[in-house]
Amino acid sequence: MDVLARWRRRTMAAAWRVEADWLCPDTQALATAFARGAFDSETAAASRDHSGDHPAGRVFSLGPEGTGIRTGDPMAMEAIRKLAAARAYDGVGIAEALADVGALFSAFDLATPLWVTAGFAEAWVDASSLLSVAISCTDPANGLSTWPHFRNRLYELYGAHDDVGRGFLVAVLRHPIHQGSGRRWELEATIGRICADNFARSGTVLSRTSDAVIILCERTQDAFGRINRCASELNSLLEAEFPSATVRIDVEPLPDDVDDVARLLDSLRR
-18 MDVLARWRRR TMAAAWRVEA DWLCPDTQAL ATAFARGAFD SETAAASRDH
32 SGDHPAGRVF SLGPEGTGIR TGDPMAMEAI RKLAAARAYD GVGIAEALAD
82 VGALFSAFDL ATPLWVTAGF AEAWVDASSL LSVAISCTDP ANGLSTWPHF
132 RNRLYELYGA HDDVGRGFLV AVLRHPIHQG SGRRWELEAT IGRICADNFA
182 RSGTVLSRTS DAVIILCERT QDAFGRINRC ASELNSLLEA EFPSATVRID
232 VEPLPDDVDD VARLLDSLRR
């Protein structure tokens, strides 16, 4: 089985949602680069040795400390960045797009190189910033709603329903802050994917703070089941990163009066 077919099989089983949207010229280009060995550690090392003291590719600065991540083959990076831009233009969230790239490497029992994750994420953000205002509803780090969009959706409920407090709820999944992790881009994207998968086709609005997932949904038995499953999956993910990590579920009552919504929103961000 060739690289493209193997990648496609893995991503359809694990990450990708709409099969018809997957194949594009940039997936084919990335599969070709992978097949010719552009991502092999030996290839990257040889490229660095050939250039003397100058490493191949770019250096991506992550975080306030300015930690650099050196890349491998510049042609491989170009393929990564082009696919990232294509996914952003097609409206694919960063969580799903990164999971798809990870499926390429996992299909061959390889870990996704950190420079691939960083380069892809940077290119996705660059491309998304050029799109229409509509994409500002989505946080590029995780594919969930931005805080302004979450806030607007909450206020919209009060305009459309008479008894919001009885029909809807806000749940907060609190977890340890992961800002110190060198894999925070990948981890943040995985958190977004887990949340999106658990609340798919439910009309739920999901947003993030540095230490919590915030959920706005209908008050139903199904919603409570989704909340518990999501918390359990996040707990399993974060335990692997932080020993003794625990995800705590807090259910916040929605106020009867719309004038009290601002106070609730402030408390959710603390």
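Under our numbering, the first residue of the sequence shown carries the number -18, and numbering increases by one thereafter.
Note that the Cβ used here is the ideal one computed from N, Cα and C, for glycine as well.
Keep in mind it's a predicted model, so treat the numbers as computed, not measured.
By the DSSP assignment, the beta strand (DSSP E) with residue i in it spans what residues?
i: Ser188; result: Val186 to Thr190
i: Val194; result: Ala193 to Glu199
i: Val73; result: It is not in any beta strand (DSSP E) - Val73 carries neither H nor E in the DSSP assignment.
i: Arg229; result: Arg229 to Glu233
Taking 9 Å as the CB-CB cut-off, is residue i touching chain B?
i: Asp120; result: Looking at the structure shown, chain B is missing, and only one protein chain is on hand.
Measuring CA to CA, which of the options is closest to residue i?
i: Gly74; options: Glu169, Ala92 and Val(-16); result: Glu169
i: Val(-16); options: Thr13, Ala226, Asp144 and Ala104; result: Thr13
i: Asn123; options: Tyr70, Ser248, Ala19 and Ala80; result: Ala80
i: Arg250; options: Leu91, Phe86, Phe131 and Arg174; result: Phe131
i: Val232; options: Glu137, Ser248 and Asp107; result: Ser248
i: Val282; options: Asp120, Leu154, His156 and Phe15; result: In the structure as shown, the chain begins at -18 and stops at 251. Residue 282 is therefore absent and cannot be evaluated.
i: Asp21; options: Thr93, Thr127 and Trp128; result: Thr93
i: Asp241; options: Cys5, Tyr139, Met(-7) and Leu187; result: Tyr139
i: Trp96; options: Thr201, Glu59, Gly72 and Gly206; result: Glu59
i: Arg54; options: Pro157, Phe205, Asp90 and Leu11; result: For clarity, residue 54 is Asp in the given sequence; the question names Arg instead. Minimum Cα distance to Asp54 is reached at Leu11.
i: Asn179; options: Asp203, Pro157 and Asp192; result: Asp203
i: Gly184; options: Ser191, Thr201 and Leu111; result: Thr201
i: Cys5; options: Gly18, Arg(-11), Ile230 and Pro234; result: Arg(-11)
In the DSSP assignment, find the unbroken alpha helix (DSSP H) run with residue i in it and report its ends.
i: Glu59; result: Pro55 to Tyr70
i: Glu0; result: Note, Glu0: premise wrong, no alpha helix (DSSP H); not H, not E.
i: Ile208; result: Gln202 to Glu222
i: Ile172; result: Arg165 to Asn179
i: Thr13; result: Pro6 to Ala16
i: Asp247; result: Val242 to Leu249
State the CB to CB distance for the pair residue i and residue j, rounded to an integer number of angstroms; the pair is presumed to be in contact (CB under 8 Å).
i: Glu77; j: Arg(-2); result: 7 Å
i: Ser166; j: Ala57; result: According to the sequence displayed, residue 166 carries Trp and not Ser. With 8 Å as the limit, Trp166 and Ala57 do not qualify as a contact, their Cβ atoms being about 18 Å apart.
i: Arg285; j: Ala88; result: The first residue shown for the chain is -18 and the last is 251, placing residue 285 beyond what the model contains.
i: Ala69; j: Ser109; result: 4 Å
i: Ser126; j: Leu187; result: 6 Å
i: Glu220; j: Ile175; result: The Cβ separation is near 13 Å, so there is no contact.
i: Thr227; j: Asn209; result: With a Cβ gap of about 14 Å, Thr227 and Asn209 do not count as contacting.
i: Leu154; j: Ala212; result: 5 Å
i: Leu252; j: Pro236; result: Since the first residue shown for the chain is -18 and the last is 251, residue 252 is missing from the structure and cannot be characterised.
i: Phe223; j: Pro157; result: 5 Å
**Study point:** At least three beta-carbon pairs within less than 8 Å, the region 189 to 197 to the region 140 to 155
**Key:** Short answer: they touch.
Exercise for review: Run through the region 95 to 154 for me and flag every whole alpha helix (DSSP H) of 4 or more residues, listed as ranges in chain order.
Suggested key: Restricting attention to alpha helix (DSSP H) runs no shorter than 4 residues, the region 95 to 154 encloses them at 95 to 109, 128 to 141 and 145 to 148, ordered along the chain.
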